[in-house]
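**Student:**
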Amino acid sequence: MSKHILYKLLIKSAFFTVGMLLVWIILNQLLSPHFWDGMTTSKSAITGEYCEFNNVNKFFHQPMNTYSNLSYFFFGVLIILIGKEDYKNKNKKSLNRMEQFPLLSVLLGIYFIYLCFGSAFFHASLTFTGQRVDMNGTYGVSITLLSIGIYHVFHKIHLSDTAKYLWVGALVLFILVFFKIALLVSSSVLLPAMILLLTLINVVNYFQFRTERSIILAILSFLLIIVAIKIRALDVQKKGCDPHSLYQGHALWHFLTALSSFYSYAFFRFGKSIRINK
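Everything in the sequence shown is counted per this note's numbering, starting at 466 for the first residue and increasing by one.
Structure representation (structure tokens):
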């Protein structure tokens, strides 16, 4: 992929994101806060889990924690566009393993966008249903990234086009199952386990292909998620907290986790130093 094409995709993603931001601003102005009436309130809202003030007089009860989810939307659109470009070039022999499986990129991008709307739904409504969808989107991104890592670690296994479609279908079904699993296992246990497993997979694949992988991307992905976890914890503990401020720790968590996840994807898709053909 040339730098020109990548920059073009970045600009497209930015335009789509700005467009979605305008739609959300309009919805927040026009729709009634009573839109969420009748839905079960989440425990998070009852306990005041996050710092941002719960403004029940607005459609978006927590505006900054809602709008910040557009970070996932931006990277989701970008990854889908990258997958579409890879699909156009899928018959070229020079492609790396990720480029040869564009459907996996598209699936990851879709789950980024799903997480964007799921988390926005939760922070806008602070409902139990919104929280469930939010967590399913989180698991969707995490599980798809893990599958990308596994696909690369076991690089000697060749997958036919049919097998790739089956892989993607199985992933979708497996992620749907997490609607139930999320009720059985605490996210405070499951998510850290997934993060550690993905980190281990990245390390293994780096040593498998040191000439092709960027250790910087792997380190950035890991460091960003650690910083994000710390900032989220401070937000929950109400340290440095101003409920009415434009700055909200949980909103920053959204941006950092989106960027961390993208770097993890880029580790496999672009290779060393985000290698891009001239």
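In this text, a Cβ means the ideal position worked out from N, Cα and C, and glycines have one as well.
Remember, it's a predicted structure, so these values are computed and weren't measured experimentally.
Drop a sphere of 10 angstroms on the beta-carbon of H719, count the other beta-carbons inside from all chains shown, and report buried for 16 or more, exposed for fewer.
**Tutor:** H719 is buried by the Cβ-count criterion.
**Student:** Do L492 and F518 count as a contact pair if the criterion is CB distance below 8 Å?
**Tutor:** No; because the gap between Cβ atoms is not below 8 Å, this pair is not in contact.
**Student:** Leaving out the 5 sequence neighbours to the left and right, which residues in its chain are closer than 6 Å to D551 when beta-carbon positions are compared?
**Tutor:** Contacts found: E564, P567.
**Student:** Give a yes or no on contact between the stretch 617-630 and the stretch 594-605, applying the rule of three or more CB pairs nearer than 8 Å.
**Tutor:** The stretch 617-630 vs the stretch 594-605: no contact.
**Student:** Determine the contact status of L546 and L474, defining contact as a CB-CB distance below 8 Å.
**Tutor:** Their beta carbons are under 8 Å apart, which means L546 touches L474 by this criterion.
**Student:** Between the beta-carbon of G605 and the beta-carbon of Y579, is there less than 8 Å?
**Tutor:** Result yes, Cβ atoms of G605 and Y579 sit closer than 8 Å.
**Student:** At the level of alpha carbons, what is the spacing between K555 and L662?
**Tutor:** Cα-Cα distance, rounded: 29 Å.
**Student:** Enumerate in chain order the residues of its own chain whose CB-to-CB distance from V483 is below 7 Å, with the five nearest sequence positions on each side excluded.
**Tutor:** Counting only Cβ-Cβ distances below 7 Å, and skipping sequence neighbours, we find nothing.
**Student:** Under a three-way DSSP split, which group does T722 fall into?
**Tutor:** Correct three-state label for T722: helix.
**Student:** Let me check understanding here. Comparing Cα to Cα, which of L648, V669, I680, G595 lies closest to V618?
**Tutor:** For V618, the nearest C-alpha among the options comes from V669.
**Student:** Determine, using beta carbons only, whether L591 and A510 come nearer to each other than 8 Å.
**Tutor:** Yes; because the gap between Cβ atoms is below 8 Å, this pair is in contact.
**Student:** The alpha helix (DSSP H) that contains E550, what's its start and end?
**Tutor:** Taken as a continuous stretch (DSSP letters only), the alpha helix (DSSP H) holding E550 covers 535-553.
**Student:** If you draw a straight line from the alpha carbon of L656 to that of L611, how long is it in whole angstroms?
**Tutor:** If I take the Cα positions, the gap works out to 12 Å.
**Student:** Here's a check: name, in chain order, each residue in its chain whose Cβ is nearer than 7 Å to the Cβ of W501, leaving out the five neighbours to either side.
**Tutor:** So the qualifying residues of the chain are S590, T592.
**Student:** Can you grab the Cα-Cα spacing for the pair L682 / I544, in whole Å?
**Tutor:** If I take the Cα positions, the gap works out to 16 Å.
**Student:** Can you find a heavy atom of the ligand SAH that lies under 7 Å from the Cβ of G574?
**Tutor:** For the ligand SAH, the structure offers nothing, since it holds no ligand at all.
**Student:** Would you kindly work out how many angstroms separate the C-alpha atoms of Q596 and L471, rounded to a whole number?
**Tutor:** If I take the Cα positions, the gap works out to 34 Å.
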